[in-house]
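Encoded as structure tokens, the structure appears first; notes follow it.
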Amino acid sequence: MEVTIKIYGDLCKKAGTDTIRLPINENDTIDTLLIRLGKRHPVLLEAILDPTTGELKPYFNILLNGHQIQRTSGIHTKLKHKDELAIFPPVGGG
Amino acid sequence: MEYPFGGYIGQILRVDLSRKKHHVEPLPKDLARNYLGGLGFAARILFDELKPKIDPLGPENELIVSTGPLTGTVWPTSGRFAVAAKSPLTGVWGEAHCGGFFGPMLKYAGYDVLIIQGRSEKPVYLWVDDGSVEIKPAKDLWGHNTAETINMVREIHGDPQIEVLSIGKAGENLVKFACIVNNYYDVAGRTGLGAVMGAKNLKAIAARGTNGVKVSNEEEFLRLAAEGYDRVFKEERLDGLKYYGTSPPLIDMKRLVGDLPTKNHQTLIFKEAEKFGCKAVERYFVKSRACFACPIMCKKIHKIHSGKEESIMKAPEYESTCAFGPNCGSGDYRAILEANTLCDLFGMDTMSAGTVVAWLMECYEKGIVTKKDCDGLEMNWGNSGAIVTLMEKIANRDGIGNLLAEGVYRAARKLGRGSMKYAMHVKKMEMDLNDGRGHRSLGLTQATSPRGSCHMRSLVVVDQGFAFKKVATERYGKDKLPEICDPYAEKYKALAVKDCEDVYAIRDSLTMCWYACGWPPAFWINDFAAAAAATTGIKEFGNVKEMYLIAARICNLRRAFNLREGLGANGDTLPERILKEPIPDGPSKGQVVNLKIMLRDYYELRKWPNGIPSRKTLVDLGLEDVAEELKRLGRI
Amino acid sequence: MAKIVYTGEGCTGCKACVAACMYVHDKEFGVAAGRIWIVKEEPITDHPIVCLQCEKPPCRDACSVGAISKTSNFVLVDEKLCIGCGACVEACPFGAIIIHPNKKVAIKCDLCGGKEPQCVKFCPPKVLKLQTPALAPKAKVK
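Chains as they are written, first to last, in our numbering: chain V, 1 to 94; chain C, 1 to 636; chain R, 1 to 142.
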């Protein structure tokens with residue numbers, strides 16, 4: 001089982017790539033995945049996590065298959081095979 | 001010539017093209033004190049000086065070019081100006097805002113506001129050179145595109161530093177959505193103000209000034225300006241804009257969350273949209289450019305190859321990208337660059353142009369028009385060659401271009417055959433490339449914007465996803481979450497829309513840029529208040545409550561202008577598609593906009609019973625004279 | 001000699017430097033009397049022009065009233081002596097000295113009188129630098 005993580009905007013400069021594939025197990029949630037992501041890409045994780053709280057910086061967007069993760073269980077949302085996560089720096093406007 | 005307030009020059013230049021005369025008036029202190037500048041000045045002057053029901057293309061219309069107290073200083077993003085008139089596209093309030101360099105130069109030449117009245121018999125241009133003002137023949141300029149005109153004026157007067165506002169063929173041919181251009185690609189885009197200039201036979205306005213803008217409290221102003229710059233430098237949330245420009249990061253997000261108008265708003269996802277995202281356009285990057293003194297530097301120049309040919313063009317903004325791309329079903333980036341460039345050269349609004357082409361494409365799809373009707377063009381979705389060809393046809397009112405040049409509402413009226421169903425407009429102005437079904441607050445914004453469908457008057461960012469929940473909490477309170485951040489919820493949206501409409505009215509009066517306060521919210525109204533007070537020395541400006549009061553006054557005045565023209569709450573609508581057709585696919589599947597409940601909340605917050613400002617509301621804002629006039633005309 | 005140098009690329013043509021410079025000297029923000037100015041050419045040229053504080057200044061040599069002199073740090077115009085003839089403007093190969101449109105005397109970069117150069121401070125892409133003699137061998141001017 002694996003998921004794809006896509007990195008957007010200037011974040012992919014920090015990550016050095018725009019697509020990362022990671023294997024998952026049955027109980028993986030977004031936050032456990034991010035921990036593993038952080039081990040491979042510490043620079044990226046540093047860019048998106050607040051070092052004092054360990055929480056996602058308040059202005060980053062994570063989409064799971066196009067939906068804001070806050071509409072499900074947020075950072076504790078369970079993942080399944082072929083899920084696609086998108087990590088976004090904040091963007092707004094029209 | 002010292003004006004008692006800093007920031008302002010203290011002079012209005014009034015030009016009468018019919019009588020070929022001009023004169024300089026002092027800027028009334030009350031006007032500065034109560035309306036701030038830019039948009040505020042334009043709203044008050046036009047309400048006072050225009051009679052209802054005049055022809056927007058006739059000599060009685062006035063074109064206002066106005067600056068604010070910050071314009072021309074080094075306050076971040078203040079190098080802008082406002083343009084306003086009665087709109088030939090909508091028949092009601094018309095305004096557009098613009099960057100580049102013209103605004104500051106008008107002030108350096110000695111004027112806060114320029115009022116153009118009447119109509120010249122022959123093509124002319126205005127030459128404002130410090131204290132000298134001349135109306136000069138423009139026979140040799142007429143027919144030239146905006147870039148050529150800017151260059152020719154500079155050559156005629158032997159100075160490449162002259163700033164020029166110009167119209168192109170579209171303005172000359174009275175295309176209903178013609179625009180006004182300075183600095184080659186900085187545009188006062190919407191509501192057809194270029195046609196107002198064209199109707200007056202005014203080809204260009206050129207300015208050069210050797211003086212400068214003084215500020216009242218130098219130490220405080222410089223401290224705030226430097227701190228403002230620093231904030232922009234340190235704001236990592238601005239990195240996307242600084243690196244990629246305004247379009248690619250937004251395209252990437254909107255295409256993923258299902259908020260990208262596609263094929264005339266038939267849906268909100270477009271499978272080829274990746275071609276316009278950050279990764280795809282990065283390869284075209286040549287350099288960044290900026291408006292006057294701006295630290296955000298959002299303009300990008302792109303180089304693109306087509307076979308052996310290489311072209312360098314300015315990269316389009318998000319609205320233009322979507323208008324000529326996904327909303328026309330096209331994945332052709334080069335064609336977008338070309339169409340955008342042609343609109344700059346002909347002086348035409350990209351959003352209206354793209355939307356009217358999308359309308360034609362849908363009519364073609366539905367069999368309402370044939371290839372023959374379209375001058376032999378196959379108007380299939382994605383026919384990018386046809387999109388580019390139509391730009392010139394519209395500017396020249398050639399063949400089908402003549403129909404499209406009228407704007408989507410009049411074109412659909414004329415064509416009939418059930419085509420109005422596909423005309424995406426509000427108050428006769430073509431929709432901006434946003435959709436309330438993917439971003440709910442935008443639905444209310446588009447319905448209530450005084451100039452017709454427009455996102456800029458009150459664009460709310462906090463409901464574009466939960467990334468902005470911290471901002472939402474600070475501004476509106478934790479109890480408004482999660483609905484206020486939910487792109488698909490109606491609740492609390494009116495609160496955010498009304499608040500943004502007020503803050504942006506101040507933004508457009510100081511004159512500052514959307515990117516100062518939109519996304520990310522680097523500055524907000526408390527910063528505007530501090531800057532205005534330090535610049536002008538008007539202590540009251542430093543009080544945020546006073547700023548909100550001025551904002552409400554300006555918003556009510558615009559509403560009153562429209563009411564006087566006979567447009568009331570009946571204009572606060574959205575196209576049927578947005579209200580009734582659920583999005584067929586993608587993350588926004590099933591969504592429609594419930595406009596009624598948002599409107600009800602908005603009217604309540606504005607104190608407009610059934611959408612009409614009450615007498616008390618107007619009087620409380622110091623608009624008793626406006627209330628009297630509306631009463632006299634039976635509007636309230 | 002200390003001088004303001006352009007790193008060679010990245011100027012966005014915004015003119016913040018011009019307005020900041022004019023403010024320092026004339027107490028008003030404008031673009032006509034900056035001692036730094038920008039050459040802009042479509043589609044992509046934006047280039048700052050500012051005095052290079054020449055070792056053998058042609059402007060000084062051209063001045064017939066001795067209004068231009070060279071100190072150990074920079075080339076200086078004595079505005080009280082200047083007669084506004086424009087000979088220095090003609091002589092400068094860079095166009096870095098101009099006649100002030102209102103004061104009618106020659107003006108040029110004076111390194112903000114030894115204080116923090118405001119053009120450097122306000123440049124958004126940070127492509128202007130104050131080059132001091134100690135750093136000269138390392139700094140590159142393209």
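Glycine residues also receive a C-beta, built at the ideal position from the N, C-alpha and C atoms.
| Item | Value |
| --- | --- |
| Contact check, C/K393 vs C/G385, beta carbons under 7 Å | no |
| C-beta neighbour in chain C for R/V5, strict 7 Å | no |
| Own chain, CB closer than 8 Å to R/E28, minus 5 neighbours either side, in chain order | M22 |
| Minimum length 4: unbroken alpha helix (DSSP H) runs contained in the segment 523-585 of chain C | 525-536, 544-564, 576-580 |
| is_contact[R/C14, chain C] using C-beta, thresh 7 Å | yes |
| Every unbroken beta strand (DSSP E) within the segment 4-44 of chain C, with a cutoff of 3 residues, ordered by chain | 11-16, 21-26 |
| C-beta atoms of C/M512 and C/A529 nearer than 7 Å | no |
| Extent of the continuous beta strand (DSSP E) run through C/V286 | 285-289 |
| Cβ-based burial, C/E565 [other Cβ within 10 Å; buried from 16] | buried |
| Proximal chain R residues relative to C/Y3, where beta-carbon distance stays under 9 Å | Here the premise fails: no neighbours, minimum Cβ distance about 12 Å. |
| Whole-number beta carbon distance between C/M297 and C/G329, since they are thought to touch under 8 Å | Not confirmed; about 32 Å, so no contact. |
| Buried versus exposed, by CB contacts within 10 Å (16 or more), R/A139 | Confidence at R/A139 is low in this model, with a pLDDT of 49, below 50, so the placement of that residue should be treated as unreliable; the coordinate-derived value is given next. So R/A139 counts as exposed. |
| Closer than 8 Å at the beta carbon, the chain C residues around V/G66 | L256, V257, G258, G586, P587 |
| R/P133, buried or exposed, once every other Cβ within 10 Å from all chains shown has been counted against 16 | exposed |
| Reference V/L33, options V/D83, V/P89, V/K57, closest by Cα | V/D83 |
| C-beta contact flag for C/M197 and V/F88 at 7 Å | no |
| 6 Å CB neighbourhood of R/K142 in its chain, flanking five on each side removed | Any reading at R/K142 must be qualified, since the residue scores a pLDDT of 44, below 50, and its modelled position is unreliable; no value is offered. |
| Segment contact flag, the segment 109-120 of chain C with the segment 313-329 of chain C, C-beta cutoff 8 Å, min 3 pairs | no |
| Inter-residue CB distance, V/I35 and V/L79 (contact presumed, cutoff 8 Å) | Actually they are not in contact, since the Cβ atoms of V/I35 and V/L79 sit about 13 Å apart, beyond 8 Å. |
| Chain C contact for V/L63 (CB, 7 Å cutoff) | yes |
| C/P295: contacting residues in chain R (beta-carbon distance under 7 Å) | P124 |
| Within chain C, the residues that R/E151 reaches when beta carbons sit closer than 8 Å | Look at the range of chain R in this structure, 1 to 142, and you will see that residue 151 of chain R is not part of it. |
| Neighbouring residues, chain C, relative to R/M22 (Cβ below 9 Å) | G212 |
| Contacting residues, own chain, Cβ-Cβ under 6 Å from C/T149 (five flanking each side not counted) | L141, S166, A204 |
| DSSP state of C/R208 mapped onto helix, strand, coil | strand |
| Any C-beta of chain C under 7 Å from that of V/G94 | yes |
| Any 3 or more C-beta pairs closer than 8 Å across the segment 170-187 of chain C and the segment 126-134 of chain C | no |
| Within chain V, the residues that C/H455 reaches when beta carbons sit closer than 9 Å | G93, G94 |
| Cβ of C/Y108 within 7 Å of any chain R Cβ | yes |
| Enclosing alpha helix (DSSP H) for C/M431 [first to last residue] | C/M431 -> no alpha helix (DSSP H), and no H or E assigned at all. |
| Rounded separation between C/E378 and C/N570 - CA only | 37 Å |
| Helix, strand or coil at R/A139 according to DSSP, with G and I counted as helix | Per-residue confidence for R/A139 stands at a pLDDT of 49, beneath the threshold of 50, marking its modelled position as unreliable; no derived number is given. |
| C/K470 beta carbon less than 7 Å from that of C/G452 | no |
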